[in-house]
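Trainee: Per the working numbering, the sequence shown starts with residue 741, numbered consecutively.
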Amino acid sequence: MQTALADFVRATPEGRVAEAIVRKCVHCGFCNATCPTYQLRGDERDGPRGRIYLIKQVLEGARPSGRTRLHLDRCLTCRSCETTCPSGVHYARLLDIGRRLVDELAPRPPAERFLRWLLGAVLSRRGRFAALLALGRALRPVLPERLRARVPPARPAGPWPAPRHGRRYLVLGGCVQPALAPGIDAAAARVLDRLGISLLEERHPGCCGALRFHLGDQEGGKRDMRALIDRWYAALEGGKAEGIVFSASGCGAMIRDYAQLFADDPAYAHRASRVSAAARDLCELVAAQAPALMAALGPLRRRGRLAFQSPCTLQHALGLRGKVETLLEAAGYELCTVADAHLCCGSAGTYSLLQPEIAAELRRRKLAALEAEGPAAIASANIGCLVHLQAGTKLPVRHWIEYLDEALAARKEALESVS
């Protein structure tokens, strides 16, 4: 796709990146076939190809309007289009650039700006969010049903094994997950401990930067990223850990993008690249210990039927489709077939709060697909998806590592009872 950038963006690093991405697009429209919002609305401007045209017009000097911003806002950034695209168009990066330019050239109304600032200020700060969640849980019995569904009851995390192995990994606890579901990383620590790896959490780790970055405060998001990069880089270079592991694929997708986001920053390019290269999704790390895992699990034993919801960030952004499913099957779980598994559940970070109607419809469709074969429970790999889905179903929705932890615990208990 040919383009001629306007003077205000032509000589900038972002302008060069955007031009290269736009030129890769051959406007074939394959992306629309796998775009959740295009399937729902049938509007070209609510599909990747139409949004690329809208961004191209802004890059060429056209003045964006509120409608331009609306169509970009409706994008879930699920990146299914990137998996589908035969030309390798890095759509998500172009969207980040386009959204920033549109926000600058056509500022949001004050009420919208305040809401986005508030979400970023609360959700990206662990202490603030934990306090707000505690208040919500205390008031849960009197909350309206719609709000009550968004406030999951507290569950104990269980023990976190003390470091005892030579192999050690840092884990990103994140901002909302420790308060919403502390059992996820505790289960990860127990599983990895059985596989010969100790899991360490940095004190005051902070947000990965995704929340504020995707809410329009890209500079604020980058400040969060720099703070995390500084701590992790020092830990890696100091030999505290051999790598970084994340149990929320949404955070992982952002961490993997650090290298490209800071490629033109002389102070952070190397550090960001080092951190991105050292980061692994939890399923990658567990799968790499396959012999130890199989030995710990023992003979195959059937444990029930699960439906796995593969988050968009896991399968499209990280390209890890099928890895979690293989681990769950190895643990003895029978996995249901899920129709249209490539489509988004509607969570998408804060999307479910900012675009509730679209998010609710996508969740309804996703749950229909997940529940079609009568599973006993649902597994996911991202805290946002997990909470979003749980608000719409009575089936338990938990992180896949918790099911694997239960399988290993059952095997250990069986061995101890025999001995």
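Ideal Cβ placement from N, Cα and C applies to all residues, glycine included.
(1) What did DSSP end up calling residue 1002 once you bin it into helix, strand or coil?
(2) Which same chain residues, not among the five before or five after residue 1017, have their C-beta less than 8 Å away from its C-beta?
(3) According to DSSP, which residues form a beta bridge with residue 1137?
(4) Would you call residue 1105 buried or exposed, if buried means 16 or more other Cβ atoms sit within 10 Å of its Cβ?
(5) With a cut-off of 8 Å on the beta carbons, I'd call residue 1068 and residue 1030 a contact; round off their distance for me.
(6) Run through the DSSP bridge pairs and tell me what residue 770 is partnered with.
(7) Residue 864 CB to nearest chain B CB: under 9 Å?
(8) Going by Cα to Cα distance, which pick from 983, 890, 810, 921 is closest to residue 847?
(9) How many angstroms separate the CA atom of residue 797 from the CA atom of residue 959?
(10) Give me whichever residues DSSP pairs with residue 911 in a beta bridge.
(11) Terminal residues of the continuous beta strand (DSSP E) containing residue 1046?
(12) Note down, in chain order, each residue of its chain lying with its Cβ closer than 8 Å to the Cβ of residue 1140, except the 5 sequence neighbours on either side.
(13) Comparing C-alpha positions only, which one of 912, 1155, 1014 sits nearest to residue 943?
(14) Just tell me which of 750, 780, 789 has its CA closest to the CA of residue 764.
(15) Which ranges does the beta strand (DSSP E) cover as unbroken runs of at least 3 residues, wholly within the segment 1019-1045, from first to last along the chain?
(16) For residue 1055 and residue 953, I'd like the C-alpha separation in whole angstroms.
(17) State the beta-bridge partners of residue 1075 as determined by DSSP.
(18) How long is the line joining the alpha carbons of residue 834 and residue 872, rounded to whole angstroms?
(19) Under a three-way DSSP split, which group does residue 991 fall into?
(20) Check each candidate in 1100, 1036, 933 and name the one with the smallest Cα separation from residue 1152.
(21) Just list the beta strand (DSSP E) runs in the segment 822-897, keeping only unbroken ones of 3 residues or longer that don't cross its boundaries, in chain order.
(22) With residue 843 and residue 956 assumed to form a contact (beta carbons below 8 Å), what rounded beta-carbon distance in angstroms separates them?
(23) Hey, could you find the ends of the alpha helix (DSSP H) residue 1096 is sitting in?
(24) Looking at the structure shown, is residue 701 part of a helix, part of a strand, or coil, going by DSSP?
(25) Measuring alpha carbon to alpha carbon, tell me which of 831, 760, 799 ends up nearest residue 772.
(26) Return the residue from the list 792, 1040, 770 that minimises the CA-CA distance to residue 1148.
(27) Ordered along the chain, which non-local residues of its own chain (more than five positions away) have a Cβ less than 7 Å from that of residue 981?
(28) According to the Cβ coordinates, are residue 969 and residue 1011 closer than 9 Å?
(29) Checking 9 Å against the spacing of the C-beta atoms, do residue 1111 and residue 1077 come in under that value?
(30) Compute the distance between the beta-carbons of residue 1053 and residue 1092, then report whether it is under 9 Å.
(31) Can you list, in chain order, the residues of its chain with a C-beta nearer than 6 Å to that of residue 880? Leave out the 5 residues immediately preceding and following it.
(32) Do residue 817 and residue 774 have their C-beta atoms closer together than 9 Å?
Mentor: In terms of the structure at hand:
(1) Assigned with DSSP and collapsed to three states, residue 1002 falls in coil, not helix or strand.
(2) Contacts found: 999.
(3) Bridge partners of residue 1137: 1118.
(4) Buried, since its Cβ has 16 or more Cβ neighbours within 10 Å.
(5) With a Cβ gap of about 14 Å, residue 1068 and residue 1030 do not count as contacting.
(6) Answer by DSSP bridge pairing: none, since residue 770 is not bridged.
(7) Included in the structure is just one protein chain, with no chain B present.
(8) The option with the nearest alpha carbon to residue 847 is 810.
(9) Each residue's CA atom was taken as its position, placing residue 797 and residue 959 some 24 Å apart.
(10) According to DSSP, which records beta bridges pairwise, residue 911 is partnered with 941, 985.
(11) Going by DSSP, residue 1046 is part of the beta strand (DSSP E) stretching over 1044-1048.
(12) Only 1023, 1048, 1064, 1067, 1068, 1119, 1120, 1121 meet the Cβ criterion.
(13) If you compare the alpha carbons of 912, 1155, 1014 with that of residue 943, the shortest gap goes to 912.
(14) Of 750, 780, 789, the residue nearest in Cα terms is 789.
(15) You should have 1019-1021.
(16) So the two alpha carbons sit approximately 21 Å from each other.
(17) Paired residue(s): 1046.
(18) The alpha-carbon separation between residue 834 and residue 872 amounts to approximately 34 Å.
(19) It is helical.
(20) For residue 1152, the closest of 1100, 1036, 933 by C-alpha to C-alpha distance is 1036.
(21) If we require 3 residues or more, the segment 822-897 turns out to have no beta strand (DSSP E) run fully inside it.
(22) Contact holds; Cβ gap of about 5 Å.
(23) If you look at residue 1096, you'll find it in the alpha helix (DSSP H) that goes 1096-1111.
(24) Examination of residue 701 is not possible in this model, given that the chain is present from 741 through 1159 alone.
(25) Its Cα nearest to that of residue 772, the residue 831 stands out among 831, 760, 799.
(26) When only C-alpha atoms are compared, the closest one is 1040.
(27) Counting only Cβ-Cβ distances below 7 Å, and skipping sequence neighbours, we find 908, 909, 910, 940, 975.
(28) A contact, by the Cβ cut-off of 9 Å.
(29) In terms of Cβ geometry, residue 1111 and residue 1077 do not form a close pair [threshold 9 Å].
(30) Annotated as distal: residue 1053 and residue 1092, with beta-carbon spacing of 9 Å or more.
(31) Apart from the 5 residues on each side of it in sequence, residue 880 sits with its Cβ closer than 6 Å to the Cβ of 888, 891 in its chain, given in chain order.
(32) Cβ atoms of residue 817 and residue 774: not closer than 9 Å.
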